[in-house]
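The working numbering puts the first residue of the sequence shown at 7, with every later residue one more than the last.
The structure appears below as structure tokens.
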Amino acid sequence: NTGIRGNGINTYADTGLYDIAMGQNSIHHSLNARNTGANHSGFDMGAYKIVDFPSYMIISYGNTNIITRLNQYVDDIAANTDTHGFYTISRTGANTSATFKNGTKIINSTQASVVPNNTFTTYIGAIHYSGGSLYSTYKEYNFASIGDGLTDTECQDLNTIVINYNNILSR
7 NTGIRGNGIN TYADTGLYDI AMGQNSIHHS LNARNTGANH SGFDMGAYKI
57 VDFPSYMIIS YGNTNIITRL NQYVDDIAAN TDTHGFYTIS RTGANTSATF
107 KNGTKIINST QASVVPNNTF TTYIGAIHYS GGSLYSTYKE YNFASIGDGL
157 TDTECQDLNT IVINYNNILS R
């Protein structure tokens with residue numbers, strides 16, 4: 007087995023974790039996406055309710071951008087045409103968050119944090135939205151994590167660990 011893959015219609019993995027359990031200013035989400043190419047758009051990870059502020063990751067929006075949000079009101083966006091790789095979003099302060107791809111920082115954000123989502127658990131492979139799943143993806147993932155906020159060095163170290171882990175498993 008090389009990981010989990012959605013059908014692009016109605017599949018997801020429920021982490022069972024509410025972002026509020028991690029706190030407002032110290033949290034990270036990470037995913038390792040294995041496949042690339044067209045038709046791989048959709049929400050890769052997240053939770054959203056109109057009255058709560060969302061946290062989510064879309065690593066292939068329109069096959070040209072990555073869009074991230076972690077306990078904040080405004081999207082962070084960067085160019086991303088190759089969806090294959092290891093992605094980490096980390097918030098370490100009230101005005102400090104960053105997005106990494108393969109251990110390299112691609113977004114440095116100063117967006118103010120807001121109280122995290124306390125209504126829906128975080129999904130992988132779709133977004134948990136108003137009690138159901140939306141925007142399921144076809145992507146395949148073979149690693150994910152949610153935890154305390156990570157420094158830049160810790161994000162780079164986590165990338166190295168995931169690479170070594172996948173090498174040991176020959177994938």
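Ideal Cβ positions, reconstructed from N, Cα and C, are used throughout, including at glycine.
Being a predicted model, the structure only gives us computed values, none of them experimental.
With Asp163 as the anchor, note down where its beta strand (DSSP E) starts and where it stops. Unbroken run through Asp163 is the alpha helix (DSSP H), Asp158 to Ile174; no beta strand (DSSP E).
On a Cα-Cα basis, can you pick out the residue from His34, Ile133 and Asn71 that is closest to Asn77? His34
Give me the DSSP bridge partner(s) of Arg75. Tyr62
How is Asp88 classed by DSSP in three states: helix, strand or coil? coil
Does DSSP put Asp25 in a helix, a strand or coil? helix
Could you tell me whether the region 105-113 touches the region 124-131, using the rule of 3 or more Cβ pairs below 8 Å? no
In angstroms with no decimal places, state the Cα-to-Cα distance between Tyr129 and Thr70. 23 Å
According to DSSP, which residues form a beta bridge with Asn114? Ala104
If contacts are defined as beta-carbon pairs under 8 Å, then Tyr5 and Ile133 qualify, I think. What distance do you get, rounded to the angstrom? A query on residue 5 cannot be resolved here, the shown segment of the chain reaching from 7 to 177 and no further.
Using only the alpha-carbon positions, how far apart do Phe149 and Tyr79 sit? 27 Å
Element boundaries [beta strand (DSSP E), containing Ala39]: Ile33 to Ala39
Contact test: Ala85 Cβ vs the ligand ADP heavy atom, cutoff 7 Å: Ligands displayed in this structure: none; no statement on the ligand ADP is therefore possible.
Quick one: measure Cβ to Cβ for Thr105 and Ala85, integer angstroms, because I've assumed they're closer than 8 Å. The Cβ separation is near 12 Å, so there is no contact.
With a 10 Å radius around its C-beta and 16 neighbouring C-beta atoms as the bar for buried, classify Asp1 as buried or exposed. Shown here, the chain extends from 7 to 177; a query on residue 1 therefore has no answer.
Name the residue from Gln162, Gly9 and Gly155 whose alpha carbon lies nearest to the alpha carbon of Asp25. Gly155
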